[in-house]
Each structure stands twice: as C-alpha cells, then as structure tokens.
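Chemist: Same order as they appear, the protein sequences are chains A and B. Numbering-wise (the numbering used here), the first sequence opens with residue 91 and increments by one. Numbering-wise (the numbering used here), the second sequence opens with residue 91 and increments by one. Built from N, CA and C at the ideal position, the CB exists for glycine as well.
2 protein chains.
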Amino acid sequence: MSKNVPNISESEWEIMKVLWDNSPRTANEVVSSLQGKADWKPKTIRTLLDRLTKKKVVGVNKEQRIYTFYPLYAEEECQRAETRSFIDRIYGGTMKSMLVQFMEEEALSEEDMEELRQILDKKTSK
Amino acid sequence: MSKNVPNISESEWEIMKVLWDNSPRTANEVVSSLQGKADWKPKTIRTLLDRLTKKKVVGVNKEQRIYTFYPLYAEEECQRAETRSFIDRIYGGTMKSMLVQFMEEEALSEEDMEELRQILDKKTSK
DNA sequence: TAGTCATTATTACACTTGTAATCCATGACT
DNA sequence: AGTCATGGATTACAAGTGTAATAATGACTA
Numbered sequence: 091m092s093k094n095v096p097n098i099s100e101s102e103w104e105i106m107k108v109l110w111d112n113s114p115r116t117a118n119e120v121v122s123s124l125q126g127k128a129d130w131k132p133k134t135i136r137t138l139l140d141r142l143t144k145k146k147v148v149g150v151n152k153e154q155r156i157y158t159f160y161p162l163y164a165e166e167e168c169q170r171a172e173t174r175s176f177i178d179r180i181y182g183g184t185m186k187s188m189l190v191q192f193m194e195e196e197a198l199s200e201e202d203m204e205e206l207r208q209i210l211d212k213k214t215s216k
Numbered sequence: 091m092s093k094n095v096p097n098i099s100e101s102e103w104e105i106m107k108v109l110w111d112n113s114p115r116t117a118n119e120v121v122s123s124l125q126g127k128a129d130w131k132p133k134t135i136r137t138l139l140d141r142l143t144k145k146k147v148v149g150v151n152k153e154q155r156i157y158t159f160y161p162l163y164a165e166e167e168c169q170r171a172e173t174r175s176f177i178d179r180i181y182g183g184t185m186k187s188m189l190v191q192f193m194e195e196e197a198l199s200e201e202d203m204e205e206l207r208q209i210l211d212k213k214t215s216k
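1) According to DSSP, simplified to helix, strand and coil, what is Asn151 of chain B?
2) Looking at the secondary structure, which residues open and close the alpha helix (DSSP H) in which Pro132 of chain A lies?
3) Does the distance from the CB of Lys127 of chain B to the CB of Pro96 of chain B come in under 9 angstroms?
4) What does DSSP give as the partner residue(s) for Thr116 of chain A in the beta ladder?
5) What does the Cβ neighbour count give for Gln169 of chain A, buried or exposed, with the cut at 16 atoms within 10 Å?
6) Quick one: is Val108 of chain B near chain A, going by C-beta distance under 9 angstroms?
7) At what residues does the alpha helix (DSSP H) containing Ser101 of chain B begin and finish?
8) Could you tell me how far apart the beta carbons of Thr166 of chain A and Gln208 of chain B are, in whole angstroms, since I believe they sit closer than 8 angstroms?
9) With distances taken from CA atoms, which of A:Gln125, A:Glu172, A:Thr184 and A:Gln154 is nearest Ile180 of chain B?
10) So, Tyr163 of chain A versus Arg115 of chain A, is the Cβ gap smaller than 9 angstroms?
11) For my contact list, Val121 of chain A and Ile105 of chain A are in at a C-beta cut-off of 8 angstroms; report their separation, rounded to the angstrom.
12) Just to make sure I have the definition right: I need the residues of chain B whose C-beta is within less than 9 angstroms of the C-beta of Thr214 of chain A. Which are they?
13) For Ser187 of chain A, which residues in the same chain have their Cβ closer than 8 angstroms to its Cβ, ignoring the five residues on either side in sequence?
14) What are the boundary residues of the alpha helix (DSSP H) that Ala164 of chain B is part of?
15) Check whether the Cβ of Phe159 of chain B lies closer than 9 angstroms to any Cβ atom in chain A.
16) Just curious, the alpha helix (DSSP H) that Thr184 of chain B is in, first and last residue?
17) Measuring only the C-alpha atoms, how far is Glu204 of chain A from Ser199 of chain B?
18) Counting C-beta neighbours from all protein chains within 10 Å, is the total for Asp202 of chain A 16 or more, i.e. buried, or is it exposed?
19) Could you have a look at Ala128 of chain A and say whether DSSP puts it in helix, strand or coil?
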C-alpha cells in the first residue's frame with residue numbers, strides 16, 4: 091500500500107512540480123526553474139522547500155554544503171491522493187458525476203477523445 | 091458569465107451540500123441534517139454558516155426572528171469552479187491527463203462506462 | 001586574518017481554517 | 001415582572017499558508 095501522502099498546499103505544489111520534473115536540485119536551481127512561472131522571492135521558495143522537507147514530502151541531501159532536494163513521492167501518487175480527496179469532497183465520492191460534467195463541457199480534442207474511447211474499450215472488453 | 095465563486099473550504103462544503111439539498115433552512119435544520127454525517131458541535135456549524143454568509147456564498151433571510159440560510163451559487167457552478175482550479179493545480183491544466191489516469195484505475199461500472207462512451211460519441215459526431 | 005558573500009537557519013506576521021465557547025438580547029413561562 | 005432557554009453576535013485560539021526578512025555561519029578573497 092502506498093503510505094499516506096501528507097497534504098501539499100497550493101504553493102508547495104509548484105515547487106513539487108519542479109522537483110518532479112528534474113531532481114535533485116539545489117534551492118537556486120528551483121528558483122531558476124520557477125522564473126516566469128511563479129512570482130516569488132527566492133526566500134519564499136526556500137521557505138516552501140523547507141516546509142516540504144519538514145513534512146517529509148521532500149528529501150534533502152546535505153552531503154555537500156549546498157543542499158539538494160528531491161521528491162519522496164511520485165507525482166502520480168500525489169495526484170491520485172489529491173484527486174481522491176477532491177472527488178470525495180466535491181462530488182460525493184463518485185467519479186462518474188465529475189467525468190460526465192466535465193466531458194460534457196470541456197474542450198477535449200479529437201485525439202483526446204479517441205484516447206479516452208480506447209481506454210473505455212479496453213476496460214469494457216477485459 | 092458566472093461571477094467568481096469565492097473559495098469554499100472543506101468543512102464549509104459540507105454545509106453547502108446540506109443547503110443545496112434543501113433550502114432555505116435554519117441553523118438548527120442544518121445541524122439536524124448533519125447528524126451522523128459530520129461530527130460538529132452546533133456552535134461550530136453556526137460559525138461555518140456565518141463564515142459562508144460573510145463570504146457571500148450563502149444568503150440569510152432575517153425577516154423572521156430565526157434566520158434562514160440559502161445558497162447564492164448553484165452546486166454545479168461551484169463544482170466547476172473547484173474542479174477547474176484543481177485541475178490547473180494538480181494536472182497542469184489539462185483535463186485529459188486526469189481522465190486518463192482515473193479511468194485507467196478507477197472502478198467504473200459498465201453503465202458508467204456506457205454513459206461516458208455515449209457522451210464521447212455525441213461530442214465526436216457533432 | 002578579517003571582511004564579504006552565499007547559504008542555511010530562525011523569526012515574522014497576517015489571513016484562513018477548524019473547532020468551538022462566551023456574552024447578550026428577546027421571547028416564553030411562572 | 002423576573003427568570004430561563006434559545007438563537008444570534010462576538011471572541012478565542014492553535015495550526016496551516018502565503019509571503020517574506022533578518023540572523024548566523026562557513027568559504028573564499030583581499
């Protein structure tokens with residue numbers, strides 16, 4: 091079983107995305123990666139990294155004088171955890187109602203729809 | 091266009107569900123409706139109602155001595171707003187990646203999948 | 001060797017959220 | 001008319017978040 095992923099706040103998610111994209115990274119590298127994406131002072135980013143570390147969502151390598159940070163959970167794992175609690179909260183735990191609502195209104199490309207259809211087919215036939 | 095829905099916290103959502111289910115209701119009626127669902131003291135529920143009111147997510151009728159509360163936004167509107175910001179945050183704004191991930195793993199019944207397929211068909215053919 | 005600079009560590013501070021309790025006013029009851 | 005219960009208004013208080021600034025420390029430089 092996957093252990094429980096700690097809560098990751100909105101700002102913290104931005105940091106995590108950078109680390110999932112490429113890690114380990116130093117605080118400065120994280121700062122650079124966020125150029126243009128988030129408008130935070132380096133100190134703020136550092137704080138977020140520290141909090142993630144304290145929460146055990148991020149690990150730190152302190153071998154070098156300049157630390158490097160890396161995720162302790164896979165992105166998919168965290169996405170699933172978030173999505174599950176989100177669906178419970180907002181849609182009363184039933185995935186379908188959300189899918190319906192969003193597939194109805196959301197702009198999905200032809201290819202996207204094709205892909206979804208294939209997934210459905212595969213599941214149905216199995 | 092729908093005005094921006096204010097943020098609704100996790101606990102507040104529970105209250106909203108009750109009001110969407112049936113409103114207007116008095117604070118006491120809300121308390122009763124939450125029997126067995128959430129384990130809050132009546133005072134807590136009252137606080138949540140007041141906060142929702144202050145946030146303008148809930149309206150109050152003060153004609154009677156005992157107030158009644160009612161939602162100022164439709165449930166769907168709020169669900170959409172939440173879902174949109176959720177997807178942006180967690181899936182980088184692309185609905186599809188989430189759908190794929192969840193359709194792959196989630197237990198959807200035959201009927202659910204049939205319904206989804208029909209929606210896809212309708213959209214594709216259009 | 002002392003000063004400077006880059007990093008890390010510590011501290012700050014307001015706002016939101018979870019979770020209530022206390023205070024106050026008014027109608028109902030005696 | 002005084003009292004009490006009930007609902008509304010105000011207050012509480014800690015944890016989490018957003019957003020940093022300041023202090024301490026170790027490494028390099030003049």
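Modeler: Straight from the coordinates:
1) strand
2) Pro132 to Lys144
3) no
4) A:Thr158
5) buried
6) no
7) Glu100 to Asp111
8) The sequence shown places Glu at residue 166 of chain A, not Thr. Not quite, the Cβ-Cβ distance comes to about 29 angstroms (not below 8 angstroms), so this is no contact.
9) A:Glu172
10) no
11) About 10 angstroms separates the two Cβ atoms, so there is no contact after all.
12) Glu200, Met203, Glu204 and Arg207
13) Tyr181
14) Note, Ala164 of chain B: premise wrong, no alpha helix (DSSP H); not H, not E.
15) no
16) Thr184 of chain B -> no alpha helix (DSSP H), and no H or E assigned at all.
17) 20 angstroms
18) buried
19) coil
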